[in-house]
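These notes concern the structure reproduced below.
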Amino acid sequence: MSNIVAIVGRPNVGKSTFFNRLIQKREAIVDAVSGVTRDRHYGKSDWNGKEFSLIDTGGYVVGSDDIFEAEIDRQVELAIEEADAIMFMVDVESGITGMDEEVANLLRRVNKPVFLVVNKVDAANRLHDAAEFYSLGLGEYYPISGINGSGSGELLDALVAALPEKEEEDEEDELPRFAVVGRPNAGKSSLINALIGEDRYIVTDIAGTTRDAIDTKYNRFGFDFNLVDTAGIRRKAKVKENLEFYSVMRSIRAIEHSDVCLLVVDATRGFDGQVQNIFWLAEKNSKGIVILVNKWDLVEKDTQTTKAFEKHIREQIAPFTDVPIVFISTVTKQRIFKAIETAVDVFKSRSRKIQTSKFNDLMLPIIEHTPPPAYKGKFVKIKYCMQLPTKTPQFVFFCNLPQYIRDPYKRFIENKLREHFDFSGVPIKVYFRKK
Ligand code: GDP
Ligand code: GDP
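Take 1 as the starting number for the sequence shown in the UniProt record's numbering and just add one per residue.
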């Protein structure tokens, strides 16, 4: 589980420009593999070997012209609750605005690391203009240029130095950790209540409560599992304002803390872009995924309905289509047991280790039969392969010219792997290395 860093600030100060700079290199690699357009407001970054998750809170603001201050306040409050550190960005071109002051007021009371980032300091002559931001009362500031990158090294040095050390996950506890995630109103709380068999889903009104996702142990349907309780504390009164942003912020921590995500989808609303965002959050974090199409009791069905729905979802999640989809109803309790059983299976697959000899015996003949196509007249020879001793499935293929392996061949290998070993719902990684 990595630290979460949120970038806050009013519109147009340059948050998304800087965000893209920080995640660019890594995301580009991921995108090339999957060919999927992704959520551009959440990504992973690292500096000096320390990894962190980055959220561009501004990405969730709709219609930045008529943005309400209250809405920004709300987002900043959420960011404060959910993030481990905050970068507050202001704009040297426009100087201090009323909204900046308001955000600064909220941030001064926070006891998490806050970094005041003065953006658009593209040239040295703007450096002294930046000094006015001292008056925000947030202490030292970091002058940067999101466009040309200057100043960002000092900022990132200070950021990663201030990030708390994340304790290693408890290796002794072999129980699956399930996180129930999805859009607002998809039926997450109903599912949790159905799973734990009682209506003890706690709702409190404590404002500004800070807490980590908490694992609670359950035994139901003959399975032991931990439920990563995200919405355990949620503020009914306030959640209306920014449901989407709220659910994404909540999902991030829950997902990072889980082994398997139960992605609850409202069958009456479909598998839309917001659901996909959450799906890719889980995939990007190498978490197991089970898609639960909920409220199936409300859907008028004929013989083709389930198939068509499934097909639609698989089109949206390509190329990672090897994911179990279960149609449930938390009202009639239909297939609730099946849902948890499937999640347990995914958990097991995700921790599976394939013996090296068995793996080679299977994969080498496949490779011999369908070798990597020659590239620029060069032939790639794959000598042997193995699963890495990592927590999530990663496979390495040793060969003479790894740089000539193209994405389609990587996908071919992944598909063969999935054909022969059950990795349904499990993101896997395939590498080619020189030997
Ligand atoms: P956001 O609304 O805070 O996410 O801001 P954007 O990243 O969309 O940037 C708003 C505008 O500021 C865009 O026109 C950017 O090109 C510009 N911008 C961002 N960073 C810089 C910078 O470092 N220097 C200058 N001169 N312009 C910048
Ligand atoms: P959450 O925001 O994702 O936690 O969603 P809730 O669990 O609060 O459910 C939102 C609404 O959908 C509530 O009115 C539930 O009663 C309703 N709901 C949840 N699951 C089902 C279901 O399987 N069938 C039907 N008909 N309604 C459901």
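Note that CB positions come from ideal geometry on N, CA and C, so glycine has one too.
Since we're looking at a predicted model, the values are computed, not measured.
Quiz item: Under the DSSP definition of a beta bridge, which residues are partnered with residue 436?
Solution: The chain is shown only over 1 to 435; residue 436 falls outside these bounds and no answer can be derived.
Exercise. State yes or no: is the C-beta of T17 nearer than 8 Å to some heavy atom of ligand 1?
Key: Stepping through the sequence shown from its first residue, residue 17 is reached at position 17. The answer is yes for T17.
Self-check item: Expected contact under 8 Å - CB spacing of Q387 and I366 to nearest Å
Solution: As a first step, residue 387 is located in the sequence shown; it is residue number 387 there, counting from the start. As a first step, residue 366 is located in the sequence shown; it is residue number 366 there, counting from the start. In fact, because the Cβ distance is near 16 Å, the residues do not count as touching under 8 Å.
Quiz item: Helix, strand or coil: which one does DSSP assign to F379?
Solution: For the purposes of this step, residue 379 is taken as residue 379 along the sequence shown, with counting starting at 1. The answer is coil: DSSP assigns F379 none of H, G, I, E or B.
Quiz item: Is W296 near ligand 2, in the sense that its beta carbon is under 8 Å from a heavy atom of that ligand?
Solution: On the sequence shown, residue 296 is found 296 positions in, with the first residue counted as 1. Yes - ligand 2 has a heavy atom lying nearer than 8 Å to the Cβ of W296.
Quiz item: Three or more C-beta pairs closer than 8 Å, one from the segment 321-340 and one from the segment 152-168: is that the case here?
Solution: no
Exercise. Classify Q304 as helix, strand or coil using the three-state DSSP reduction.
Key: The sequence position of residue 304 within the sequence shown is 304, counting from 1. The answer is coil: DSSP assigns Q304 none of H, G, I, E or B.
Quiz item: Residues in its own chain within less than 8 Å of T175 by CB, not counting five upstream and five downstream?
Solution: Walking along the sequence shown from the start, residue 175 turns up at place 175. For clarity, residue 175 is Leu in the given sequence; the question names Thr instead. Correct list, in chain order: K217, D224, F225, N226.
Self-check item: Inter-residue Cα distance where the pair is L364 and K358
Solution: As a working mapping, residue 364 is identified with position 364 in the sequence shown. As a working mapping, residue 358 is identified with position 358 in the sequence shown. Roughly 10 Å separates the two Cα atoms.
Quiz item: On the premise that P164 lies in contact with D46, defined as a C-beta separation below 8 Å, what is that separation, rounded to the nearest angstrom?
Solution: Numbered from its first residue, the sequence shown carries residue 46 at position 46. Numbered from its first residue, the sequence shown carries residue 164 at position 164. Rounded, the Cβ-Cβ distance is 16 Å, inconsistent with contact.
Quiz prompt | Where A83 falls: helix, strand or coil (DSSP) | solution = Within the sequence shown, residue 83 is the residue found at index 83, counting from 1. DSSP places A83 in coil when its eight states are reduced to three.
Exercise. Leaving aside the five residues before and after D73 along the sequence, list all residues of the same chain whose C-beta is less than 7 Å from its C-beta, in chain order.
Key: Taking the first residue of the sequence shown as position 1, residue 73 is located at position 73. Cβ within range, chain order: E102, L106.
Quiz item: Taking three-plus beta-carbon pairs below 8 Å as touching, is the segment 125-138 in contact with the segment 186-200?
Solution: no
Quiz item: Between N148 and the rest of its own chain, which residues show a CB-CB distance below 7 Å, the 5 nearest in sequence each way excluded?
Solution: Here residue 148 corresponds to residue number 148 of the sequence shown, with the count starting at 1. D122, listed in sequence order.
Quiz item: If you draw a straight line from the alpha carbon of A104 to that of L292, how long is it in whole angstroms?
Solution: The sequence position of residue 104 within the sequence shown is 104, counting from 1. The sequence position of residue 292 within the sequence shown is 292, counting from 1. The straight-line gap from Cα to Cα measures roughly 41 Å.
Quiz item: Given K238, which residues of its chain have a CB within under 6 Å of its CB, disregarding the five upstream and five downstream residues?
Solution: For the purposes of this step, residue 238 is taken as residue 238 along the sequence shown, with counting starting at 1. Because K238 carries a pLDDT of 46, less than 50, the predicted location of this residue cannot be relied on, and no value is offered for it.
Quiz item: Do P11 and ligand 1 come close, with the Cβ less than 8 Å from some heavy atom?
Solution: Start at 1 with the first residue of the sequence shown, and residue 11 comes out as number 11. Yes, Cβ of P11 sits closer than 8 Å to a heavy atom of ligand 1.
Quiz item: What residue range is occupied by the uninterrupted alpha helix (DSSP H) comprising V275?
Solution: Locating residue 275 in the sequence shown gives position 275, where the first residue counts as 1. V275 -> alpha helix (DSSP H) spans 273-284.
Self-check item: Cβ-heavy atom distance, L191 to ligand 2, below 8 Å
Solution: Locating residue 191 in the sequence shown gives position 191, where the first residue counts as 1. Within the cutoff, so yes.
Exercise. Please name the residue in V430, Y404, V228 whose C-alpha comes closest to that of I413.
Key: Indexing the sequence shown from 1 puts residue 413 at position 413. Comparing Cα-Cα distances from I413 to each of V430, Y404, V228, the minimum goes to V430.
Quiz item: Tell me which same chain residues have a C-beta within less than 6 Å of the C-beta of I428, skipping the five on either side of it?
Solution: As a position in the sequence shown, residue 428 is number 428, starting the count at 1. Counting only Cβ-Cβ distances below 6 Å, and skipping sequence neighbours, we find P393.
Exercise. May I ask you to list the residues that DSSP assigns as paired with I413?
Key: In the sequence shown, counting from the first residue as 1, residue 413 sits at position 413. Partner(s): none; I413 has no beta bridge.
Self-check item: Distance between K295 and T268 (C-alpha atoms, nearest Å)
Solution: For this step, residue 268 is matched to residue 268 along the sequence shown. For this step, residue 295 is matched to residue 295 along the sequence shown. Straight-line Cα distance between these residues: approximately 7 Å.
Quiz item: On the three-state DSSP scale, how would you describe P184?
Solution: For this step, residue 184 is matched to residue 184 along the sequence shown. Coil, per DSSP.
Quiz item: In angstroms, rounded to a whole number, what distance separates the CA positions of K236 and T390?
Solution: As a working note, residue 236 is residue 236 in the sequence shown. As a working note, residue 390 is residue 390 in the sequence shown. Caution applies to K236, whose pLDDT of 42 falls short of 50 and renders its modelled position unreliable; the value that the coordinates give is listed next. Each residue's alpha carbon lies about 40 Å from the other.
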